[in-house]
Every structure is written in C-alpha cells, then in structure tokens.
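Before any comments, here is the structure.
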Amino acid sequence: MNKVKVVVAGPRGRMGQEAVKMVEIAEEYELVAVIDHKHDGKMLSDLDGFANFAVPIFSDIAQCFQSTKPDVLIDLTTPETGMYHTTTALTYGVRPVVGTTGFTKENLHELEELCKEKELGCIIAPNFAVGAVLMMKFSQMAAKYFQDVEILELHHDQKLDAPSGTAVKTAEMIAEVRQTKEQGHPQEKETMTGARGANYDGMHIHSVRLPGLIAHQQVMFGSDGQTLTIRHDSFNRASFMSGVKLAVDTVMKLDTFVYGLENIME
Ligand code: NAP
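According to this note's numbering, the sequence shown is numbered sequentially starting from 117.
This is the structure we're talking about:
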C-alpha cells in the first residue's frame, strides 16, 4: 500500500499536536516532516513531548516540499501563515487540508482560482468536528421556519479571530434559506458599542472568550411563544481529528476546492 505522505504545519500548537498524533497512528499515512517557524533543522523528536516522532523540522515550506515531496499539507497555524502555506502547497502540487481559521472571502476566492488552475484538491474547514457540522446543518433546516436567530460562539481566550469561522459559516448557511431581516427593534440603539454583536444579513453574532473553554456554539431561534436552541460543544481537540482524517482521505481524490466539512460528509 502506498502511504499518503503528510506534512503538518504548526505541530507545537494545540491542534497541530493532535494532528501529528493522528497522522502517526493512521497506518495509511506517513508523517514525512513538520513546518515550524522555530527549530529549523532539528528533528521533531528533539522537542519536548514528541520523543517518538523522528521527522525533520523545516521553517522554509518550499524547501520542505522540495526535500520531502509530500501528498498533503495539514495546516493549523495562523491566518496569514496559513494563507501563505496553502498557496505554496498548491504551487508545489501538494494538496492542502486547512483547519486554520480567519481566511477572508478574497483569500478563499484566490485559493479556489489557484485550485482550478492547478487542477488540485484543497479542503478548508473552519470546523472539523462532525457534531459541529451537524449543528450547522440543523440550524440551516430550522432557519426555514424561524427567521429570527442569534448565534453565540464561545472559545478559549487564546483564539485570534472573532467571530469564529464556524459562526460565520453558520450565518452564511442560514442566509441561504432565511429571508433577509434586520432583527430587533427598528429603533434599537447600542448604549455600549458592540452590545448587539456583529451583524450578518440582519442576524447577530456574539463572541465569548474565556479560559477553560475549547470550542462551543449555540444557535438560538425565536418566534411567537417559542424558542429553539441548537448547541454543540468540543471538549478537547481530538474531537476535530476524525474530520481532519476524512478530509485527508477525500482531498487525495479531489481536483477542486472545497470549503466546509459538510460538503464532503455523506
Ligand atoms: P495554537 O495553539 O496557537 O497553534 C498555532 C501554531 O502555529 C503555534 O504552534 C505557532 O507557533 C504556529 N505558527 C505560527 N506561525 C507559524 C509559522 N510561520 N510557521 C509554522 N508554524 C507557525 O492554535 P490552535 O488552537 O492549535 O489553532 C490553530 C488554528 O486552527 C487556528 O487558526 C484556530 O482557529 C484553528 N482551529 C481550527 C479548528 C477546526 O476544526 N478547523 C479547530 C480548532 C482550532 P508559535 O507558538 O511559536 O507562535
């Protein structure tokens, strides 16, 4: 069996650590290198907590691709770095699986065009937890019947982007079926800036950041005399890895750009 050769970018990060473990455990994959802006030239096994991972560390992604010729890049870094890594991967014929959040619409459009040009698969998912994808799908179903919705996303306080990629994606999916409506009282005024959260097509998104949280989202619908709440909680980062694995398997068969895990789930 030809193993899928994988590079993980951001291996010391909370998500990256789980991805390294997932790749190592999966018999059909081979971890060939990691990309880390620190520790260039060392082995991953030299770093604390990675004693069993004897693969080289590169800080230069192009050099990494030239030396190790991987099939797939898993990127779990920061938005700017993730964008640079993803475009470089496509340029080198490496299929990206991207969990990094915070990409702009323009970034996504640029990557979609690059995939077309290179005829390569690329999967970007703001949330790799299968339960979160179901939460988004159920919210889209509910939005056909409830026009009024507030999205509350709750994350750990080290998260860089707000609102979360999942909240934005949920709002986009809801907007596909919901009639545009500016929610709340027409004369509503914020007496403190930001009190009503972000506004997407008239629905509001609220971001909570607290230590102790991982990744959680609650979508609340209201209509006359009733409310409906759909909630998903990720209690650890391993919860994302079955989705990352599904994406690695799928991206090897793709020659197009896919945004959102829901588009590769049966
Ligand atoms: P994290 O713990 O801060 O890890 C990010 C890692 O990226 C750090 O180790 C950081 O290194 C490294 N990094 C930064 N710049 C780099 C560069 N130029 N080259 C290589 N590595 C670089 O963050 P996290 O919680 O793992 O999250 C990572 C990303 O995944 C975030 O965008 C987050 O929002 C997203 N996320 C996605 C999902 C999903 O399901 N899609 C779930 C959770 C999180 P330093 O520490 O040295 O800066």
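Note that CB positions come from ideal geometry on N, CA and C, so glycine has one too.
Since residue i is in the beta strand (DSSP E), which residue starts that stretch and which ends it?
{"i": "Leu362", "result": "No beta strand (DSSP E) holds Leu362; the alpha helix (DSSP H) holding it covers 357–367."}
{"i": "Ile239", "result": "238–240"}
{"i": "Ser323", "result": "319–325"}
{"i": "Ile267", "result": "264–271"}
{"i": "Ser280", "result": "Counting along the chain, Ser280 falls outside any beta strand (DSSP E), and DSSP gives it neither H nor E."}
{"i": "Gly310", "result": "Note, Gly310: premise wrong, no beta strand (DSSP E); not H, not E."}
{"i": "Leu189", "result": "188–191"}
{"i": "Pro212", "result": "211–214"}
Considering only C-alpha positions, which residue in the set the options is nearest to residue i?
{"i": "Thr193", "options": "Pro127, Pro212, Val123", "result": "Pro127"}
{"i": "Leu140", "options": "Leu362, Lys121, His332", "result": "Checking the sequence shown, residue 140 turns out to be Glu, not Leu. Closest option to Glu140, Cα to Cα, is Lys121."}
{"i": "Tyr375", "options": "Phe337, Ser350, Val214, Glu382", "result": "Val214"}
{"i": "Met381", "options": "Ile239, His155, Asn223", "result": "Ile239"}
{"i": "Asp191", "options": "Lys260, Gly218, Ala170", "result": "Gly218"}
{"i": "Ser161", "options": "Asp371, His153, Ala170, Lys154", "result": "Ala170"}
{"i": "Pro212", "options": "Lys221, Phe181, Met138", "result": "Phe181"}
{"i": "Asp372", "options": "His348, Gln263, Arg347, Glu233", "result": "The question names Asp, yet the displayed sequence has Thr at residue 372. The shortest C-alpha separation from Thr372 is found at Glu233."}
{"i": "Glu235", "options": "Thr216, Thr207, Met251", "result": "Thr207"}
{"i": "Leu344", "options": "Gly237, Met117, Gln263, Thr197", "result": "Gln263"}
{"i": "Pro302", "options": "Gly318, Ala258, Ala363, Ala142", "result": "Gly318"}
At the level of alpha carbons, what is the spacing between residue i and residue j?
{"i": "Ser183", "j": "Thr203", "result": "18 Å"}
{"i": "Val265", "j": "Asn243", "result": "20 Å"}
{"i": "Val367", "j": "Val210", "result": "10 Å"}
{"i": "Asp365", "j": "Leu227", "result": "20 Å"}
{"i": "Pro172", "j": "Glu146", "result": "13 Å"}
{"i": "Val360", "j": "Ala135", "result": "8 Å"}
{"i": "Pro327", "j": "Gln133", "result": "19 Å"}
{"i": "Cys231", "j": "Lys369", "result": "13 Å"}
{"i": "Gln334", "j": "Gly157", "result": "44 Å"}
{"i": "Ser358", "j": "Val246", "result": "8 Å"}
{"i": "Phe356", "j": "His225", "result": "25 Å"}
{"i": "Lys154", "j": "Tyr200", "result": "17 Å"}
{"i": "Met159", "j": "Arg347", "result": "41 Å"}
{"i": "Ala125", "j": "Phe174", "result": "9 Å"}
{"i": "Gly300", "j": "Leu250", "result": "27 Å"}
{"i": "Pro279", "j": "Asn168", "result": "37 Å"}
Looking at the unbroken alpha helix (DSSP H) that takes in residue i, where does it start and where does it end?
{"i": "Lys221", "result": "221–234"}
{"i": "His201", "result": "195–207"}
{"i": "Glu134", "result": "130–141"}
{"i": "Ala149", "result": "Premise fails: Ala149 lies in the beta strand (DSSP E), 145–151, not in any alpha helix (DSSP H)."}
{"i": "Ser183", "result": "177–184"}
So what does DSSP say about residue i, is it helix, strand or coil?
{"i": "Asn379", "result": "helix"}
{"i": "Met159", "result": "strand"}
{"i": "Lys285", "result": "helix"}
{"i": "Arg353", "result": "helix"}
{"i": "Lys275", "result": "coil"}
{"i": "Met117", "result": "coil"}
{"i": "Ala248", "result": "helix"}
{"i": "Phe254", "result": "helix"}
{"i": "Val290", "result": "According to the sequence shown, residue 290 is Ile rather than Val. In the structure shown, Ile290 sits in a helix (DSSP, three-state: H, G or I)."}
{"i": "Ala125", "result": "strand"}
{"i": "Ala259", "result": "helix"}
{"i": "Ile330", "result": "coil"}
{"i": "His301", "result": "coil"}
{"i": "Thr372", "result": "coil"}
{"i": "Gly338", "result": "strand"}
On the premise that residue j lies in contact with residue i, defined as a C-beta separation below 8 Å, what is that separation, rounded to the nearest angstrom?
{"i": "Val293", "j": "Gln342", "result": "About 19 Å; that fails the 8 Å criterion."}
{"i": "Val123", "j": "Ile151", "result": "6 Å"}
Against chain D, does residue i count as a neighbour if the rule is that its beta carbon must be under 8 Å from one of theirs?
{"i": "Thr216", "result": "In the structure shown, chain D does not exist; there is a single protein chain."}
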